[in-house]
Structure formats: C-alpha cells, structure tokens
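Let me begin by presenting the structure, written as structure tokens, before commenting on it.
Chains as they are written, first to last, in my numbering: chain A, 13 to 262; chain B, 13 to 262.
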C-alpha cells in the first residue's frame, strides 16, 4: 500500500481442491491448500462443498412426490420430485410463481430452499443446504485450528435473491469464530453526533465480497479474506435471520 | 500470492480527503489521492460525499411540514420537518412503523429515502441522495479519466436495510464504466450442466465489500477495488432496481 491508502483487504481464492464427496475431511483439505493461513483470516466456504462433504444429497429417483408437490410442480412446470425435496426442507411457502420461494427450516427465505442440481455429479441428484450451517461453520473452524494451528473465522455462503433488487448476492448462512454483525449504534459520526440504527451485517458483506472471487464456474469454492480486524464475541448465521415480527420491511 | 491461490482481489481505502463541500471537484480530489489508479480499478464512493459535493443538502429550518408529514411524524416520534424532506424524495410510503420505509424517486426501497443527518455539519442539515446516481457515477468516472488518464469503474454506494435479514449492507446506487451484473445464465457448471437463473448483482457485491473498508466512523468514503476483471458493456444502478411486477419475492 502507498501513502493515502488505508484499511487494505485482500481476497484470494483457493485452487486445487479435489471434487468433494460425502465424508471428506473438508477442514483439513482447506487448511492444507490455503496454507499459510494466519490467525484472523476469514475462510469463506461455498455451501455446496460443505453440503457435499456432509452427504446432504438426495437422489430424486427415491422421492415420491405428494399431491401438493405434484400440484405445485404443475403450476411451476417443475419436476414434482424436486418440488417435494424443496417442501421437505421448508416450513412455509412464501410464493409459488415461476419459482418456489420458501422459508427453510433454518429461517432463510430463498428460492427452492437452497436446493439445487448445479455442480452436482449426476442429473438425478439434488444438493440440500447443511442441516445446521452454524454447526458446519464451527466444525470447519475447529478442524482448521487443529490442522493449521490458526484461529480463523469461517463463513458458509450461498447465493440468494432478494426483494426489490435485481440479481443475486452471496449471503452468510453459517458463521463461526467471528462476529456476524458490526454495531455502530451509539458511535459518534465524524462530527460527534450519535449514529442511529446502524448495525452492519458484516458476515453478509464478506460472503458477497468472496462471491466475486468464487464466481460460479471457476471451481473456487473457498476464499480467504485477510486484513479485516473484527472485534467482539463470535456470532452466528442465525443472528442474521430476521423473524417476521421484527421485520420492518414486511 | 502463493501457489494454490487464485483470483486475488485487493481493496484499499483512500485517506486524506478533505471534508467535502458543495461545488468541490470530487473526481479530481479522488484521482489525486488515490494515485496511482490503474485502468480496470473500481472506485467505490460513499453516497454522502457525492451528495455533499453536489450540494444535495436541505436546511430543516426552511422546511414547512405538511399535515401528512405532521401526522406521520407523530406516529413515528420523529421530526416533522425531517419527515417532510423524506416525503419530498419519495414516490410511495412502503411502511411507517418505527422508521419510514419508502420508495424513492429512483425506485430504491429504503429507510428515510436515504436522507440522513449523520456525518453532516450542523444538526439542522439533512443530506439527500444524489438526484441521478448513475449520472453522478458517470461524471466522476469521466473526471477521473481526465485527471488521471485511466479508465476506472465507479460505484456510488449507500447502506440499506433489507427484508428477512438482520443488519444493513452497502448496495450500489449508481454505476458507471463497468457492468452492474454478471450473467451466468447458460454457462455450464463444473459438470457441464447449464446453470439456471444466476444473474449476480456484482455492483452490489462490490459496494458490500467496500463497506468493510469504509466503516462508518473512519472517514474513508472512497475505496479502490483492484483485480476484478469484469467483462461486458457498462451497466447502471437503475438496472438493479426491480420493478414490482417482476419481483418474485413480493
């Protein structure tokens, strides 16, 4: 960095990870290929590889769609078995119009409950979100600490749509070893006035930044973010899920 | 970067900008302090300094609140003059419950029409969003090209809340000299299957990433993003505004 520049942040994609399959020791694979990791680094891992390592895959040939799934599938021109898998992962259908927008068991509102068939071996296989994304993040964090001897933050990310704006952005589903938010509430602004209501979802910003390095077709499911000095106790992905009664935008 | 790392991205905050006032040549100030800029760099500029340079400030003492503003202000325990300023910037009130969520003249759905009083000199002054954020971005891009002789992308960012998720994230209000989205639709995934419906709002991801360097209280309103090779024609912030009839999430 030259003079006049501050607050540098670096993102690097990790190449050379093998195709991940159920039972793989993903934490070790990341720790080895991302070397040298430093304490304070944040490791962003695409949900897809976490789900694969955890065996969160369902073969559509073994799915018997319910009448409701069949009805929705007809309405959406979709595969009724795929709709059934989505319903099995959901607690509520938010909208069924061209695509199925649901609330997942985790509380995420997204298309198809995060279930998809891209980057999965076999046309017949659907990949589900991890059962507990914060637990998955914590397991990766602990395993990286064991293997590499460094304390990193971990974010498990996926690509979600959102209301009112075009296009998808990566968000944080699971968080470990770092705060999920930065609270500017009560801090003075540059003129000494208190800042109101500024709670920044930094884990979502990290996920969004990492997506630019991951891309979708470059086989880079892990990105290391370096230079972000986050203070405060470790947070969770669940913290970022807003319950309906507190949602001013609904 | 060492072996096994790819797709590096660097973000640097620009320090040493003076307090920006109406009429300042912001493009020149940025070009000088961010030197050496390179073609292909993306310059993310916080809306607040753009608005200040453009004189988008209103003195509350000159505002006469309408009966509607007074009524809303009572309901929200807010300053009726501030409510009037927000209404003047809005085409629709989405929700008035603790905070005023509106659709702005640009089509953005956000709290208080992006109007705020933090980091503004004088307790009586409200800062408005730029009138046309894409035009502001294009003017900055052109001025930086004139002064520094480099073709950069420009993103004008602000911090917005969003439905369903806790915390705010920076988004792109204005875009110039770079695409606003990356279209993965039709690209094959790693197994050769077509990827469906993946249009990524890369300008929002850039804005989100830059927020981590800007912070809110560190007087770093400009961040340079280096290493992102975006292809395709220049886009706009308006492209990222989803009209209600195309919004699957509403």
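Heads up, the beta-carbon is just placed ideally off N, CA and C, and yes, glycines get one too. The model shown is predicted, which means the values in this text are computed figures rather than measured ones.
query	result
Name, please, each residue of chain B whose Cβ falls closer than 9 Å to the Cβ of residue 92 (chain A).	Chain B residues near residue 92 (chain A): none, gap ~17 Å exceeds 9 Å.
Determine, using beta carbons only, whether residue 237 (chain B) and residue 168 (chain B) come nearer to each other than 9 Å.	no
Are the stretch 18-27 of chain A and the stretch 133-149 of chain A in contact at 8 Å, needing three or more beta carbon pairs?	no
Which whole-angstrom value is the C-beta distance of residue 69 (chain A) and residue 91 (chain A), which I expect to be below 8 Å?	Actually they do not touch by this definition, with Cβ atoms about 16 Å apart.
Please list the partners that residue 190 (chain B) has in chain A, where partner means a Cβ-to-Cβ separation under 8 Å.	In chain order: nothing, as chain A lies at least about 12 Å away.
Nearest chain A C-beta to residue 99 (chain B) closer than 9 Å, yes or no?	no
Taking the alpha-carbon of residue 50 (chain B) as reference, which of B:256, B:190, B:160 and B:248 has the nearest alpha-carbon?	B:160
Residue 252 (chain B) and residue 213 (chain B): beta carbons closer than 9 Å?	yes
Is the beta carbon of residue 166 (chain B) closer than 9 Å to that of residue 188 (chain B)?	yes
Between the stretch 96-105 of chain B and the stretch 117-134 of chain B, are three or more C-beta pairs nearer than 8 Å?	yes
Tell me which residue opens and which closes the beta strand (DSSP E) that residue 41 (chain B) is part of.	Taken as a continuous stretch (DSSP letters only), residue 41 (chain B) belongs to no beta strand (DSSP E), being part of the alpha helix (DSSP H) at 38-45.
If I follow the unbroken alpha helix (DSSP H) through residue 263 (chain B), where does it start and stop?	The question about residue 263 (chain B) has no answer here: the residues shown for chain B are numbered 13 through 262.
Within 10 Å of its beta-carbon, does residue 255 (chain B) have 16 or more other beta-carbons around it, so buried, or fewer, so exposed?	exposed
When you compare the CB positions of residue 38 (chain A) and residue 56 (chain A), do they come within less than 9 Å of one another, or not?	no
DSSP puts residue 235 (chain A) in a beta bridge; with which residues?	A:25 and A:56
Considering Cα atoms alone, identify which of A:121, A:155 and A:117 is closest to residue 106 (chain A).	A:121
Going along the chain, which residues of its own chain have a beta-carbon closer than 8 Å to the beta-carbon of residue 33 (chain A), five neighbours each way excluded?	64 and 65
Which partner residues of residue 128 (chain A) appear in the DSSP bridge assignment?	A:139
Kindly indicate if chain A contains any beta-carbon less than 9 Å away from that of residue 116 (chain B).	no
Secondary structure at residue 107 (chain A), three-state DSSP: helix, strand or coil?	strand
Note the first and the last residue of the continuous alpha helix (DSSP H) segment covering residue 154 (chain B).	145-160
Terminal residues of the continuous beta strand (DSSP E) containing residue 5 (chain A)?	No statement about residue 5 (chain A) is possible, as the shown extent of chain A runs from 13 to 262 and does not include it.
Can you tell me where the alpha helix (DSSP H) with residue 75 (chain A) in it begins and where it stops?	Looking at the DSSP string, residue 75 (chain A) is not in any alpha helix (DSSP H), and its letter there is neither H nor E.
Who are the neighbours of residue 254 (chain A) on chain B, taking C-beta pairs under 7 Å?	176, 177 and 178
Using a threshold of 9 Å, state whether the C-beta atoms of residue 218 (chain A) and residue 113 (chain A) are closer than that.	no
Can you find a CB in chain A that lies within less than 9 Å of the CB of residue 218 (chain B)?	yes
Indicate whether at least one CB of chain B lies closer than 9 Å to the CB of residue 213 (chain A).	yes
Residue 249 (chain A): which of A:173, A:156, A:184 and A:60 sits nearest, CA to CA?	A:184
The alpha helix (DSSP H) with residue 32 (chain B) in it runs from where to where?	Segment: none, residue 32 (chain B) is in no alpha helix (DSSP H) and carries neither H nor E.
Between B:155, B:110, B:195 and B:76, which lies nearest to residue 243 (chain B) when the distance is taken from Cα to Cα?	B:195
Residue 189 (chain B) bridges to which residues according to DSSP?	Looking at the DSSP assignment, residue 189 (chain B) forms no beta bridge with any residue, so it has no partner.
Is there a C-beta anywhere in chain A that falls below 9 Å from the one on residue 24 (chain B)?	yes
Is residue 20 (chain B) close to chain A? Criterion is C-beta to C-beta, closer than 9 Å.	yes
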